[in-house]
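Peer 1:
Numbering (full-length UniProt numbering), first residue to last: 1 to 298.
(1) Determine the burial state of residue 247: buried for a count of at least 16 other Cβ atoms within 10 Å of its Cβ, exposed for fewer.
(2) Kindly give me the distance between the Cβ atoms of residue 249 and residue 46, rounded to whole angstroms, as I take these residues to be in contact under 8 Å.
(3) Considering only the beta carbon of each residue, do residue 56 and residue 132 sit closer than 9 Å?
(4) Given residue 226, which residues of its chain have a CB within under 6 Å of its CB, disregarding the five upstream and five downstream residues?
(5) With a 10 Å radius around its C-beta and 16 neighbouring C-beta atoms as the bar for buried, classify residue 257 as buried or exposed.
(6) Kindly list the residues whose CB is nearer than 7 Å to the CB of residue 303, restricted to its own chain and excluding five residues on each side of it in sequence; keep chain order.
(7) Can you pull the DSSP bridge partners for residue 31?
(8) Three or more C-beta pairs under 8 Å: does that hold for the segment 208-217 against the segment 58-73?
(9) Would you mind sorting residue 136 into buried or exposed? The rule is 16 or more other CB atoms within 10 Å of its CB.
(10) Would you give the residue range spanned by the alpha helix (DSSP H) that residue 48 belongs to?
(11) Around the Cβ of residue 44, are there at least 16 other Cβ atoms within 10 angstroms (buried) or fewer (exposed)?
(12) Leaving out five residues before and five after residue 310 in sequence, what residues of the same chain have Cβ atoms less than 7 Å from its Cβ?
Written as structure tokens, this is what we have:
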């Protein structure tokens, strides 16, 4: 997989850095390499094995296939030396190889960011348009809430465009409202990008993804995620299902408007050591929800 100059930085999150291939090897020409960053407690190998489990069967057809690869240490060191903004975990040689969702060079795309959770990647010649969105929590909203936890959290993070993802659980009618709001926001920003009809058609056809994400997050008999988070006292309180639910609420969904394809990425096993952050975040969300309920009554 060397030399390293064929691997170009694509992006990073809180736990991973991603590189895309631009070299002559055909087997790698449409691939990206995902590497763990320093400070992560869940290994690449553990994530690979975890993704193979039956928990993900409801969305398996939408997941990118991942290949666990053993990398040359010199390659890793070369990639790590390029950035001062982050550090790769050089204690392991494992990486995840998967298909590149972008059909062309990332430099050929214009990015339209409607919010932190809804982003378009538009090829400069119109050859590919991708919607990237994070559904976040797909759950049954508690009675009496003036807004769902997703909307509250989005406002807490200063997002001006908020499009409630719970609409996605309402079938075709909810999908249409959600997609219409996206189209209205594009129009309001002067973007000449017509996506409404294609989005509705694709998401309706692939609605099994929404149902699958909901099923994984909530379980067969429902799961009171709010009380579980609120009552956490240590990492020993983080059961398998809570760990799974916290991972799925952070996935990204890509909709390719040209191919009519939908894929799920960013499935990362979460460390139970995050329990305190999860609990504090839940308390903050519930306090904001109470404020909104009070304001709605006044």
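Note that beta-carbon positions come from the ideal geometry of N, C-alpha and C, so glycine has one too.
None of the values given here were measured: they were computed from a predicted structure.
Peer 2: By the coordinates alone:
(1) buried
(2) That pair is no contact at about 19 Å.
(3) no
(4) none
(5) buried
(6) Residue 303 is absent from the structure shown; the chain starts at 1 and stops at 298.
(7) 99
(8) yes
(9) buried
(10) 44-51
(11) buried
(12) This structure leaves residue 310 out entirely; the chain is present only between 1 and 298.
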